[in-house]
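Peer 1:
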Amino acid sequence: VRVTDTGNKTFILRTRYPGSANPTRREIGSCADLKLADAREKARQWRTMVAQGLDPAVEEEKARQEALRRRAITFSAVVDDFIAQKLATERKGKDVEREIRRDLLPKWKDRPIVSITDMDVIAVIKKKVPDGKTGSRNLLALIRRFFRWVVAQRAYGLAVSPCEGLQASVIIGEMKGARDRILSNDEIFAFWRAATRMAYPFGKIYQGLMLTALRCNELIDASRPEFNSRDRVWIIPAHRMKGKNTGKKQARAHAVPLTEDIAALFESLPKLNGGPYWFSTTNGETPAWMSTKVKQRLDERMLRTLRALARSRGEDPRQVRLPHFVNHDIRRTVRSQLSRLRITEEAREAVLAHARPGIKGVYDVHDYLDEKREALELWAVRLKQIINPPPRNIVKLNVAA
């Protein structure tokens with residue numbers, strides 16, 4: 004320990020450092036900042052470096068500069084690389100990018116990538132839980148996938164993913180069984196009325212989902228080159244359909260017959276000249292994005308209509324509730340309605356673009372096109388009966404021939 008004439012005390016290590024012919028003294032640290040045991044440990048580390056021909060001052064400066072470099076690599080910068088290098092080549096890359104920009108960037112944008120911990124991940128996931136366990140699990144899977152890519156690059160100073168050891172069942176809870184939620188006729192009525200009163204593109208998207216039974220992204224990402232008005236068919240290419248390009252579950256193109264009602268829906272859309280997409284908030288340049296807030300607005304409008312129906316029946320509207328449903332439940336609702344219309348199993352599955360097992364799954368894109376057209380036309384008639392019910396004072400009579 005060296006003590007100056009002003010009383011300042013510092014720990015000193017005297018040894019022959021690399022590049023020095025004679026032993027010299029160097030300060031390890033202030034006695035006010037270091038305990039004796041810590042000073043001795045640092046001295047041992049310095050001696051080890053000197054024995055290896057390394058200058059402790061140079062190595063510490065390298066470590067300091069590396070730490071500064073790592074601190075300068077923000078989450079936002081790494082996300083840009085992930086989007087450009089990984090997502091740009093993926094079929095659902097744009098969807099994943101939207102999720103990152105919506106759920107993660109606002110929270111971690113300027114954070115150093117190395118500073119994000121497991122507790123930060125848990126906080127984001129728990130905030131997402133009220134929107135539904137499925138969405139929370141999907142977000143956790145996305146975060147885990149992103150940080151796995153970051154670690155694998157070896158370029159961002161992150162050696163271990165903050166998702167290491169995190170279990171969805173512990174953070175979010177166990178998932179319930181398969182969903183069986185379908186909309187009742189009153190709910191379909193309220194759904195359609197709410198959709199007609201929502202601004203473009205979201206109201207039209209919800210109407211399209213009810214008419215076609217497509218998955219959200221299959222409808223929302225629709226573009227003009229996919230449509231053949233002469234043959235009255237819309238071909239959704241394989242890369243936009245659910246499935247993988249390898250393995251047993253291969254994605255296949257799907258033909259949607261342009262029935263009178265489906266064609267009328269697309270003809271009613273505004274003519275955008277900025278890009279090919281039908282449903283867009285950027286003048287057609289990019290497809291729209293269905294946020295949680297959009298679904299909340301739909302639910303609010305539906306609930307108001309359901310309460311108005313209850314009031315018209317002399318019931319207490321305050322007792323009316325709208326059980327939770329997700330956009331995917333619209334497909335199940337249409338599937339159930341097709342069963343009630345006695346549509347064949349093959350046609351029902353074809354409408355929903357469900358792959359058939361075995362050799363039956365390898366079929367031409369136009370297979371069952373006529374059956375799908377008939378099924379969707381019958382469903383459109385039934386839908387009109389639900390959303391435009393006859394007046395209460397009209398009674399249907401069954402008169403024997």
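If you count the sequence shown from 1, you need to add 3 to reach the working numbering.
All C-beta atoms in this analysis are idealised placements derived from N, C-alpha and C, irrespective of residue type, glycine included.
Could you tell me if Gly364 is buried or exposed, where buried requires 16 or more neighbouring beta carbons within 10 angstroms of its beta carbon?
Peer 2: Only weak support exists for where Gly364 lies, its pLDDT of 47 falling under 50; the value from the coordinates is given anyway. Counting Cβ neighbours within 10 Å, Gly364 comes out exposed, since fewer than 16 surround it.
Peer 1: Quick one: which unbroken alpha helix (DSSP H) runs of 4-plus residues sit fully inside the segment 42-110? Chain order, please.
Peer 2: Qualifying alpha helix (DSSP H) stretches, in chain order: 59-75, 78-88 and 96-106.
Peer 1: For Phe269, I'd like the list of residues in its chain whose CB is within less than 7 angstroms of its CB, leaving aside the five on either flank, ordered along the chain.
Peer 2: Answer for Phe269: Trp281, listed in chain order.
Peer 1: Three-state secondary structure (DSSP) at Gln388?
Peer 2: It is helical.
Peer 1: Thr308: which of Met293, Arg324 and Lys298 sits nearest, CA to CA?
Peer 2: Considering only alpha carbons, the answer is Arg324.
Peer 1: Just list the residues that DSSP pairs Phe192 with in beta bridges.
Peer 2: Phe192 pairs with nothing; no bridge assigned.
Peer 1: Do Ala353 and Thr262 have their beta-carbon atoms positioned less than 8 angstroms apart in this structure?
Peer 2: Against a cut-off of 8 angstroms, the Cβ pair of Ala353 and Thr262 comes out as no contact.
Peer 1: When you compare only the Cα positions, how much space is there between Ala1 and Lys130?
Peer 2: There is no way to answer for residue 1, as the model of the chain reaches only from 4 to 404.
Peer 1: So what's Val153 in DSSP terms, helix, strand or just coil?
Peer 2: Helix, per DSSP.
Peer 1: Please state the DSSP three-state secondary structure of Thr285.
Peer 2: In this structure, Thr285 counts as coil in the three-state DSSP scheme.
Peer 1: Tell me which same chain residues have a C-beta within less than 6 angstroms of the C-beta of Val297, skipping the five on either side of it?
Peer 2: Around Val297: Phe205.
Peer 1: Grouping DSSP H, G and I as helix and E and B as strand, with all else coil, what is Thr9?
Peer 2: In the structure shown, Thr9 sits in coil (DSSP, three-state: anything other than H, G, I, E or B).
Peer 1: Assign Thr199 to one of three DSSP states: helix, strand, or coil.
Peer 2: Correct three-state label for Thr199: helix.
Peer 1: Could you compute how far the alpha carbon of Ser139 sits from the alpha carbon of Glu229?
Peer 2: In a straight line, the C-alpha of Ser139 is about 33 angstroms away from that of Glu229.
Peer 1: Would you kindly report the start and end of the unbroken beta strand (DSSP E) that includes Arg29?
Peer 2: Start and end: Thr27 to Ser33.
Peer 1: List the residues that DSSP assigns as beta-bridge partners of Arg17.
Peer 2: According to DSSP, which records beta bridges pairwise, Arg17 is partnered with Arg28.
Peer 1: Here's the rule I'm using: 16 or more other beta-carbon atoms within 10 Å means buried, otherwise exposed. How should Gly96 be labelled?
Peer 2: Exposed, because fewer than 16 other Cβ atoms sit within 10 Å of the Cβ of Gly96.
Peer 1: Here's the rule: buried if 16 or more other CB atoms are within 10 angstroms of the residue's CB, otherwise exposed. What is Glu221?
Peer 2: The residue is buried, with at least 16 neighbouring Cβ atoms inside 10 Å.
Peer 1: Have a look at Gly211 and Ile265 and give me their C-alpha separation to the nearest angstrom.
Peer 2: Roughly 7 angstroms between the two C-alpha positions.
Peer 1: For Val236, which beta-bridge partners are listed by DSSP?
Peer 2: Beta-bridge pairing links Val236 to Asn231 and Pro260.
Peer 1: Rounded to a whole number of angstroms, what is the C-alpha to C-alpha distance between Leu16 and Lys65?
Peer 2: Taking the straight line joining both Cα atoms gives about 20 angstroms.
Peer 1: Can you give me the C-alpha to C-alpha distance between Thr199 and Ala155, rounded to a whole angstrom?
Peer 2: The alpha-carbon atoms of Thr199 and Ala155 are separated by roughly 48 angstroms.
Peer 1: Measuring only the C-alpha atoms, how far is Gln88 from Ile116?
Peer 2: So the alpha carbons of these two residues sit roughly 17 angstroms apart.
Peer 1: If you measure between the beta carbons of Arg50 and Ser294, is that distance less than 8 angstroms?
Peer 2: It is not a contact, given that the beta carbons lie outside the stated cut-off.
Peer 1: Contact check, Ser31 vs Ala40 under 8 angstroms by CB: the rounded distance?
Peer 2: Per the sequence presented here, residue 31 reads as Ile, with Ser not at that position. Going by Cβ atoms, the distance from Ile31 to Ala40 rounds to 12 angstroms, so no, they are not a contact pair.
Peer 1: Arg304 to Ile389, Cα distance in whole Å?
Peer 2: Answer to the nearest angstrom: the Cα atoms are 18 angstroms apart.
Peer 1: Identify the residues that DSSP records as bridge partners of Pro115: which are they?
Peer 2: Bridge partners of Pro115: Thr77.
Peer 1: Can the beta-carbon of Cys245 be found less than 8 angstroms from the beta-carbon of Ala256?
Peer 2: It should be pointed out that residue 245 corresponds to Lys in this sequence rather than to Cys. Contact: no.
Peer 1: Which residues in the same chain as Leu57 place their Cβ atom closer than 8 angstroms to its Cβ, once the five residues preceding and following it in sequence are excluded?
Peer 2: Only Pro21 meet the Cβ criterion.
Peer 1: From Thr285 to Val329, what distance separates their C-alpha atoms?
Peer 2: Using only the alpha carbons, I get a separation of about 25 angstroms.
Peer 1: Over the uninterrupted alpha helix (DSSP H) stretch that includes Ser342, give me the two end residues.
Peer 2: Here the alpha helix (DSSP H) through Ser342 covers Asp332 to Arg343.
Peer 1: If you follow the alpha helix (DSSP H) that Ala171 is in, where does it begin and where does it stop?
Peer 2: Residues Ala171 to Ile174.
Peer 1: Using CA coordinates, which residue listed in Ile191, Pro240 and Arg235 is at the minimum distance from Leu301?
Peer 2: Looking at the Cα atoms, Ile191 is the closest of the given residues.
Peer 1: Determine the DSSP secondary structure at Ser294, reduced to helix, strand or coil.
Peer 2: In the structure shown, Ser294 sits in coil (DSSP, three-state: anything other than H, G, I, E or B).
Peer 1: Just how far apart, CA to CA, sit Thr92 and Val99?
Peer 2: When rounded, the distance between both Cα atoms is 12 angstroms.
Peer 1: Which residues bound the alpha helix (DSSP H) around Ile346?
Peer 2: That residue, Ile346, is in no alpha helix (DSSP H); it is neither H nor E in DSSP.
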